[in-house]
Amino acid sequence: MQEIAPQVYIEDRYPGVVLGLLVMAQGSLLIDSPPCPDSARSWKNALRAFNGRGPNQVLIYLDHHPDRCLGGRHFSNTIVAHEHAAAVFSERPNLFRSQTANRGENWELCPSVQGVRWGQPNVFFSDTISFHWDPDPVTAFYRGGVSPSAIWVIWPSRRVLFVGDTVTSREPPFLAEADLPTWEANLDELATKYADYRIVGSRDGVLRLGQILSFRDWLHQIHEELRKARARRLAPADVARKMTEAHLPRWVHPNLDPARQRLYRQRLLYGFEQAYQNLKGRRGPRKRRRKS
């Protein structure tokens, strides 16, 4: 566990997402949970050193992605998420079933998650929610873009901002539910308004400004490629395949574990196809005329 600011810790040694811990005078805020059962138990043991730091403990989900929600039931009776997550979780069975495999999500590398019970959120908000457990409050606020339930968590007095999957540098992003114009605007906001903050990404840990700018440029590029493909009315599967082949080298290097290489390929394939289909105003593929 690394302390990145006074009373602010991150942990990046578990598969899934980078975890956060904010220790306040009247309790602790946990940011996300590890998806693999063994990792969840290990993280819970690590948190025991902070027991007694106040009567409250709340877990915050930065969106509804399984990589951050599967292990949540181990950590708190109070789980906070954006209100869009309420609709998502209402459609999920209580026990996790792995029918959604082959989307390139990190939980797919867990030894066993079949039958794991979801950590269901039970406190929801629309715009902002604040925790006044310290002289300086912590606030979670909505920033849809990468996901319709995406939120950021800020502790202004510590100059720390958790941004979830809004920025990824070491692995491909999740594109399937993205609102690309909003996402690009969020990245502009990070690069200007929060340039002097320690910005924590869920797939990387503390991010440098250069990583944010590089990712912003890449996202703009793939957005333009998707728009041009839409204008040509190309088939979604063909667009996804060609764009995956073109962009996979950015995310895969020769020394990367083969299982993770396959995971990243599948993530891009699924993400590009869904993002293409989700573009506003997209028409279906152009039908060929029959020869007379």
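Quick note: the sequence shown uses our numbering, first residue 303, plus one each step. Positions of the beta carbon are idealized from the N, C-alpha and C atoms, including for glycine.
Can you give the Cα-Cα distance for residue i and residue j, rounded to whole angstroms?
i, j, result
"Leu-331", "Phe-433", "9 Å"
"Val-440", "Ile-312", "16 Å"
"Arg-386", "Cys-371", "The question names Arg, but residue 386 is His in the sequence shown. His-386 and Cys-371: Cα-Cα distance of roughly 14 Å."
"His-550", "Asp-436", "For the sequence presented, residue 550 should be read as Leu rather than His. Cα to Cα, Leu-550 sits roughly 44 Å from Asp-436."
"Lys-593", "Pro-475", "The predicted position of Lys-593 is uncertain, since its pLDDT is 42 and thus under 50; a value taken from the coordinates is nonetheless stated next. C-alpha separation (whole angstroms): 43 Å."
"Val-310", "Lys-530", "43 Å"
"Pro-339", "Glu-527", "39 Å"
"Asp-438", "Gln-359", "17 Å"
"Arg-585", "Leu-477", "For Arg-585, the predicted model reports a pLDDT of 41, less than 50, meaning its position is unreliable; a value from the coordinates is still stated below. Distance between the alpha carbons of Arg-585 and Leu-477: 19 Å."
"Asn-488", "Ser-504", "15 Å"
"Pro-541", "Leu-581", "Looking at the sequence provided, one finds Val at residue 541 rather than Pro. So the alpha carbons of these two residues sit roughly 13 Å apart."
"Leu-364", "Lys-544", "31 Å"
"Gln-328", "Trp-457", "15 Å"
"Phe-464", "Ala-480", "18 Å"
"Leu-515", "Ile-306", "22 Å"
"Val-448", "Val-502", "15 Å"
Compare the beta carbon distance of residue i and residue j with 8 Å and say whether it is the shorter of the two.
i, j, result
"Thr-484", "Val-425", "no"
"Ala-342", "His-376", "yes"
"Thr-468", "Arg-445", "yes"
"Ile-453", "His-525", "no"
"Glu-473", "Trp-409", "no"
"Pro-423", "Val-382", "yes"
"Tyr-572", "Arg-460", "no"
"Arg-564", "Thr-546", "no"
"Val-320", "Asp-506", "yes"
"Gly-374", "Ser-428", "no"
If you reduce the DSSP assignment to three classes, tell me which class residue i lands in.
i, result
"Arg-419", "strand"
"Tyr-311", "strand"
"Trp-409", "helix"
"Phe-352", "helix"
"Gly-318", "coil"
"Ala-452", "coil"
"Thr-494", "helix"
"Leu-463", "strand"
"Phe-377", "coil"
What residues are listed by DSSP as bridge partners for residue i?
i, result
"Ile-306", "Beta-bridge pairing links Ile-306 to no other residue."
"Thr-609", "This structure leaves residue 609 out entirely; the chain is present only between 303 and 594."
"Leu-272", "In the structure as shown, the chain starts at 303 and stops at 594, and residue 272 therefore has no counterpart that could be examined."
"Asn-358", "Gly-329"
"Phe-427", "His-384"
Please confirm whether residue i has its beta-carbon closer than 8 Å to some beta-carbon of chain B.
i, result
"Val-425", "No chain B appears in this structure, which consists of one protein chain only."
How do the segment 529–545 and the segment 507–521 stand: do at least 3 beta-carbon pairs fall below 8 Å, yes or no? Judged by Cβ distances under 8 Å, the segment 529–545 makes no contact with the segment 507–521, as fewer than three pairs qualify.
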